[in-house]
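If you're matching them up, the sequences are chains A and B in order. Quick note, the first sequence lines up with residues 17 to 132 if you use the working numbering. Quick note, the second sequence lines up with residues 2 to 114 if you use the working numbering. No residue lacks a Cβ here, since even glycine has one placed at the ideal position from N, Cα and C. Note that the coordinates shown come from a computational prediction; the quantities given were computed from them, not determined experimentally. Have a look at the structure below before the remarks.
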Amino acid sequence: GAVVSQHPSWVICKSGTSVKIECRSLDFQATTMFWYRQFPKQSLMLMATSNEGSKATYEQGVEKDKFLINHASLTLSTLTVTSAHPEDSSFYICSASGGSYSYEQYFGPGTRLTVT
Amino acid sequence: SQQGEEDPQALSIQEGENATMNCSYKTSINNLQWYRQNSGRGLVHLILIRSNEREKHSGRLRVTLDTSKKSSSLLITASRAADTASYFCATDASGGSNYKLTFGKGTLLTVNP
Chain A
17 GAVVSQHPSW
27 VICKSGTSVK
37 IECRSLDFQA
47 TTMFWYRQFP
57 KQSLMLMATS
67 NEGSKATYEQ
77 GVEKDKFLIN
87 HASLTLSTLT
97 VTSAHPEDSS
107 FYICSASGGS
117 YSYEQYFGPG
127 TRLTVT
Chain B
2 SQQGEEDPQA
12 LSIQEGENAT
22 MNCSYKTSIN
32 NLQWYRQNSG
42 RGLVHLILIR
52 SNEREKHSGR
62 LRVTLDTSKK
72 SSSLLITASR
82 AADTASYFCA
92 TDASGGSNYK
102 LTFGKGTLLT
112 VNP
């Protein structure tokens, strides 16, 4: 149990365009989802926390107008990188927790974003 | 700043040897977790140890927690080439219900066949 998927697994987009990344909990209801960013050979940096049906809470230094997060259902959260720039190129990972898995976060496989 | 700091940053051993990675943190925690990440992939949860626990085992993994020193260690016994990955500790210090995790910088473990 506790499977989290992400789509797409990788995406290349042009500068100025927007990209949407989906995060789904496949076999449990995720009351909370987290979005992380990871640069090469570095650790995960929490970007925001989203609870189903409410606005996301962003970490300090993360632009909420640039990284739009929607958690419309208990199994789906989306991260939209708006007006992407090359410096937004990174590995984006989501995680989900909830229900009987409330103490643990289960991570998706990540999405590699490259902005050209 | 990072809550968790792992050392060493990189560790290279031979198959069959044991690997020990350490993690230190700065504030009081509810629990500490260890994760594994293969290159370019997502994280796999390995083990969670609560603040009132001192040691936990899972297969070839042994985790210790010393809250007085604010440190934890992950021991992988009888290592295999397939254990090659980055290992991260993550602490949950949140007071609410969101269980927000703060990750350390990670240890890159290479197990040579």
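Within 8 Å, strictly: CB atoms of residue i and residue j
i: L95 (chain A); j: F107 (chain A); result: no
i: Q121 (chain A); j: Y100 (chain B); result: yes
i: L42 (chain A); j: S21 (chain A); result: yes
i: S69 (chain B); j: A20 (chain B); result: no
i: A11 (chain B); j: T108 (chain B); result: yes
i: S104 (chain A); j: V78 (chain A); result: The displayed chain sequence assigns Asp, not Ser, to residue 104 (chain A). Against a cut-off of 8 Å, the Cβ pair of V78 (chain A) and D104 (chain A) comes out as no contact.
i: P125 (chain A); j: R51 (chain B); result: no
i: C29 (chain A); j: C110 (chain A); result: no
i: F55 (chain A); j: L44 (chain B); result: no
i: S59 (chain A); j: F104 (chain B); result: yes
Coarse secondary structure for residue i, derived from DSSP in three states
i: A83 (chain B); result: helix
i: D104 (chain A); result: helix
i: L90 (chain A); result: coil
i: Q54 (chain A); result: strand
i: S73 (chain B); result: strand
i: S2 (chain B); result: Residue confidence for S2 (chain B) is low, a pLDDT of 34 falling below 50, so the modelled location carries little weight; the figure read from the coordinates is stated next. The answer is coil: DSSP assigns S2 (chain B) none of H, G, I, E or B.
i: K71 (chain A); result: coil
i: Y26 (chain B); result: coil
i: Y36 (chain B); result: strand
i: F44 (chain A); result: coil
i: E16 (chain B); result: coil
Neighbour-count burial assignment, residue i, 16 or more Cβ in a 10 Å radius
i: D81 (chain A); result: exposed
i: N113 (chain B); result: exposed
i: R55 (chain B); result: exposed
i: D93 (chain B); result: buried
i: K106 (chain B); result: buried
i: N32 (chain B); result: buried
i: A82 (chain B); result: exposed
i: E18 (chain B); result: exposed
Same chain only: Cβ atoms within 6 Å of residue i, ignoring 5 sequence neighbours per side
i: S2 (chain B); result: Note that S2 (chain B) has pLDDT 34, beneath the 50 cutoff, so the model's placement of it is unreliable and no number is given.
i: R63 (chain B); result: L76
i: K36 (chain A); result: T94 and T96
i: P102 (chain A); result: V131
i: E68 (chain A); result: T47, H87 and L90
Beta-carbon contacts of residue i that lie in its chain and below 8 Å, excluding the five residues immediately before and after
i: S99 (chain A); result: G32, T33, S34 and K82
i: S66 (chain A); result: T48, M49, F50, W51, A72, T73, I85, N86, H87 and S93
i: T127 (chain A); result: Q22, H23, P24, S25, W26, V27, I37, F107, Y108 and I109
i: N53 (chain B); result: none
i: E6 (chain B); result: C24, S25, Y26, G105 and K106
i: E16 (chain B); result: S80, R81, A82, V112, N113 and P114
Same chain, Cβ closer than 7 Å to residue i, five either side skipped, listed in chain order
i: A46 (chain A); result: L90, T91, A112, S113 and G114
i: G61 (chain B); result: Reading the sequence as shown, one finds Arg at residue 61 (chain B) and not Gly. Cβ neighbours of R61 (chain B) beyond the five flanking positions: I77, T78 and A79.
i: I30 (chain B); result: S52, T92, D93 and A94
### Task
Please confirm if the region 24 to 31 of chain B is in contact with the region 66 to 79 of chain B, defined as three or more CB-CB distances below 8 Å between the two stretches.
A contact exists between the region 24 to 31 of chain B and the region 66 to 79 of chain B.
### Task
Flag this pair as touching only if the region 37 to 45 of chain B and the region 76 to 92 of chain B have three or more C-beta atom pairs under 8 Å; answer yes or no.
Output reads yes: the region 76 to 92 of chain B touches the region 37 to 45 of chain B.
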